[in-house]
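If you count the sequence shown from 1, position 314 lands on 314 in this note's numbering, and the numbers rise without skipping.
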Amino acid sequence: MENRKLIKIATAGSVDDGKSTLIGRLLYDTGSLTSDKLEAIERNSKQRGYDYLDFSLATDGLVAEREQGITIDVAHIYFNTDKTNFIVADTPGHVEYTRNMVTGASTSQVAIILIDARKGVIEQTYRHFFISNLLRLSHVVVAVNKMDLVDYDEEVYLKIKSDFEELVAKSDFTTDQITFIPISALKGENVSQKSDLMNWYIGNTLLDHLEVLEPADLQESSAARFPVQFVIRPKTEAYHDFRGFAGKVYGGNLKKGDSITVLPSLTTSKIKAIHFFEKEVEEAAIGSSITITLEDEVNVSRGDTIVKNSDLPKSEKSISATICQVNAKPLKVGDKYTLQHGVNRVLAKVESIQGRIHTDFSGEEASDQLKLNDIGQVTFKLSKAIHFDSYKQNKSTGSFILIDEGSYDTVSVGFIN
Numbered sequence: 001m002e003n004r005k006l007i008k009i010a011t012a013g014s015v016d017d018g019k020s021t022l023i024g025r026l027l028y029d030t031g032s033l034t035s036d037k038l039e040a041i042e043r044n045s046k047q048r049g050y051d052y053l054d055f056s057l058a059t060d061g062l063v064a065e066r067e068q069g070i071t072i073d074v075a076h077i078y079f080n081t082d083k084t085n086f087i088v089a090d091t092p093g094h095v096e097y098t099r100n101m102v103t104g105a106s107t108s109q110v111a112i113i114l115i116d117a118r119k120g121v122i123e124q125t126y127r128h129f130f131i132s133n134l135l136r137l138s139h140v141v142v143a144v145n146k147m148d149l150v151d152y153d154e155e156v157y158l159k160i161k162s163d164f165e166e167l168v169a170k171s172d173f174t175t176d177q178i179t180f181i182p183i184s185a186l187k188g189e190n191v192s193q194k195s196d197l198m199n200w201y202i203g204n205t206l207l208d209h210l211e212v213l214e215p216a217d218l219q220e221s222s223a224a225r226f227p228v229q230f231v232i233r234p235k236t237e238a239y240h241d242f243r244g245f246a247g248k249v250y251g252g253n254l255k256k257g258d259s260i261t262v263l264p265s266l267t268t269s270k271i272k273a274i275h276f277f278e279k280e281v282e283e284a285a286i287g288s289s290i291t292i293t294l295e296d297e298v299n300v301s302r303g304d305t306i307v308k309n310s311d312l313p314k315s316e317k318s319i320s321a322t323i324c325q326v327n328a329k330p331l332k333v334g335d336k337y338t339l340q341h342g343v344n345r346v347l348a349k350v351e352s353i354q355g356r357i358h359t360d361f362s363g364e365e366a367s368d369q370l371k372l373n374d375i376g377q378v379t380f381k382l383s384k385a386i387h388f389d390s391y392k393q394n395k396s397t398g399s400f401i402l403i404d405e406g407s408y409d410t411v412s413v414g415f416i417n
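Take a look at the structure:
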């Protein structure tokens with residue numbers, strides 16, 4: 001059977017932009033709703049006096065969400081077509097839940113940003129796009145929703161498209177990374193079926209567009225990084241002397257025979273073999289979960305990183321990073337935390353806060369602390385050097401979390417500059 005593609009999506013939208021309705025519509029159109037779930041939606045829609053199916057009920061899982069008609073928590077929703085498996089992180093759109101969007105979008109490749117056709121580009125749109133830019137998502141779909149409420153007017157769509165393109169010009173995105181699609185999630189227009197009411201739009205439907213995206217094109221391409229997650233020693237008669245290192249390949253490919261360096265020990269060797277499930281392969285592609293063996297008996301432990309000799313990362317005891325504060329306790333100069341980088345932990349002290357960043361791309365302002373949901377530039381002094389790349393170069397080695405030493409709560413997520 002042909003392997004299906006896997007596309008990871010984060011959705012973002014302001015209050016009542018129809019995000020949950022859109023996801024429910026995608027579930028319905030792809031036959032991903034169970035019969036009992038569909039019956040519950042039909043029953044609840046009738047109880048509320050609706051003459052249509054309220055698809056938002058398919059995703060709003062918390063009682064508070066259903067009662068208020070809003071999204072609060074991050075939910076991961078699965079659906080598929082004949083060719084593609086999709087995982088959707090349904091993230092909340094409210095300012096006070098910025099941290100939820102950051103965590104939900106952190107593992108995604110694509111963002112769908114919904115805009116209410118009646119309201120156009122608003123403050124929350126700026127924030128959603130800023131976070132997509134901060135997290136280096138590979139592609140953004142701008143879904144101009146509720147076109148039915150503006151009589152499917154092309155001029156309304158073009159005005160929103162023009163306003164958003166001004167925002168794109170301020171970001172790191174290129175124009176070919178942004179796709180605009182006018183839709184009505186409630187009516188199903190341009191979601192999975194082409195709309196006869198918007199025949200002025202000549203592009204793909206939303207689902208068709210998501211289907212043509214290729215995971216290989218959405219992968220970051222940089223220096224290869226292989227964080228060791230597990231050391232395999234079977235100690236069986238068949239594999240008495242086997243010593244392999246299991247993990248996932250990030251950034252670039254690894255090949256049999258590559259000269260490598262083990263960090264942080266800086267010991268060197270060559271890749272002897274690459275095991276993928278029950279077979280040996282000559283090369284491991286980005287995103288592959290593999291086990292490798294080395295030609296030399298070198299000391300490699302969980303938490304070490306294997307890199308090519310020609311692509312060594314930086315190694316420093318001081319780092320500058322963009323921080324998103326995810327805890328109610330403010331981050332201040334002089335505060336001490338445990339910084340977790342991959343599986344490694346070091347002590348970190350906040351050396352300086354350069355400023356709090358405005359999420360409308362208008363710059364930053366001076367601040368002596370970062371409060372919950374604030375995003376800012378911060379410099380840290382570390383107890384020992386870590387090996388890292390900038391987040392722009394490699395997401396896996398360019399990100400970290402800060403942990404409170406007393407409560408063990410996660411207080412911040414960081415993206416190394």
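Quick reminder that beta carbons are idealized off the backbone N, C-alpha and C, glycines included.
{"query": "Reduced DSSP secondary structure (H/G/I, E/B, other) of Val150", "result": "helix"}
{"query": "Extent of the continuous alpha helix (DSSP H) to which Val110 belongs", "result": "Element bounds for Val110: not the alpha helix (DSSP H) but the beta strand (DSSP E), 110-116."}
{"query": "Whether Ala10 touches Ala111 by CB criterion (8 Å)", "result": "yes"}
{"query": "Euclidean distance between Cα positions of Ile87 and Ile77", "result": "6 Å"}
{"query": "8 Å Cβ cutoff met for Ile416 and Ile319", "result": "yes"}
{"query": "Simplified DSSP assignment, three categories, for Phe277", "result": "coil"}
{"query": "Integer-rounded CB distance, given that Lys248 should sit under 8 Å from Ile271", "result": "Between Lys248 and Ile271 the Cβ distance is about 15 Å, and since that is not below 8 Å, they are no contact."}
{"query": "Beta-carbon proximity of Lys308 to Ile260, cut-off 8 Å", "result": "yes"}
{"query": "Beta-carbon proximity list for Leu312, same chain, < 7 Å, skipping 5 on both sides", "result": "Thr261"}
{"query": "Euclidean distance between Cα positions of Pro227 and Gly342", "result": "8 Å"}
{"query": "According to DSSP, residues forming a beta bridge with Ile353", "result": "Val378"}
{"query": "contact_flag[the segment 381-399, the segment 356-367] where n(CB pairs < 8 Å) is 3 or more", "result": "no"}
{"query": "Limits of the alpha helix (DSSP H) - the one that Arg99 falls within", "result": "98-105"}
{"query": "DSSP beta-bridge partners of Phe226", "result": "Ile306"}
{"query": "Phe380 and Ala328 closer than 8 Å at C-beta", "result": "no"}
{"query": "Cβ-Cβ separation, Arg302 to Val231 (assumed contact under 8 Å), whole Å", "result": "6 Å"}
{"query": "DSSP-derived helix/strand/coil call for Glu282", "result": "coil"}
{"query": "For Pro215, three-class secondary structure by DSSP", "result": "helix"}
{"query": "DSSP-derived helix/strand/coil call for Gln340", "result": "strand"}
{"query": "For Thr175, three-class secondary structure by DSSP", "result": "helix"}
{"query": "Strand pairing of Ser362, partner residues [DSSP]", "result": "None, per the DSSP bridge assignment."}
{"query": "CA-to-CA distance, Leu294 to Gln325, given in whole angstroms", "result": "41 Å"}
{"query": "Per-residue DSSP class, three states only, for Thr34", "result": "coil"}
{"query": "Close beta carbons around Pro234, own chain, < 7 Å, minus the five adjacent residues each side", "result": "Phe242"}
{"query": "Given Ala385 as reference, the closest of Glu316, Lys37, Arg48, Leu331 once Cα atoms are compared", "result": "Glu316"}
{"query": "Beta-carbon proximity check, Ala224 vs Leu263, cutoff 8 Å", "result": "no"}
{"query": "N- and C-terminal bounds of the alpha helix (DSSP H) containing Gln325", "result": "Here Gln325 belongs to no alpha helix (DSSP H); instead the beta strand (DSSP E) covers 314-325."}
{"query": "DSSP three-state assignment for Tyr239, whether helix, strand or coil", "result": "coil"}
{"query": "Whether Ile292 touches Val281 by CB criterion (8 Å)", "result": "no"}
{"query": "Leu331 vs Val350 beta-carbon contact at 8 Å", "result": "yes"}
{"query": "Between the CA atoms of Asp196 and Ile131 - distance to the nearest angstrom", "result": "34 Å"}
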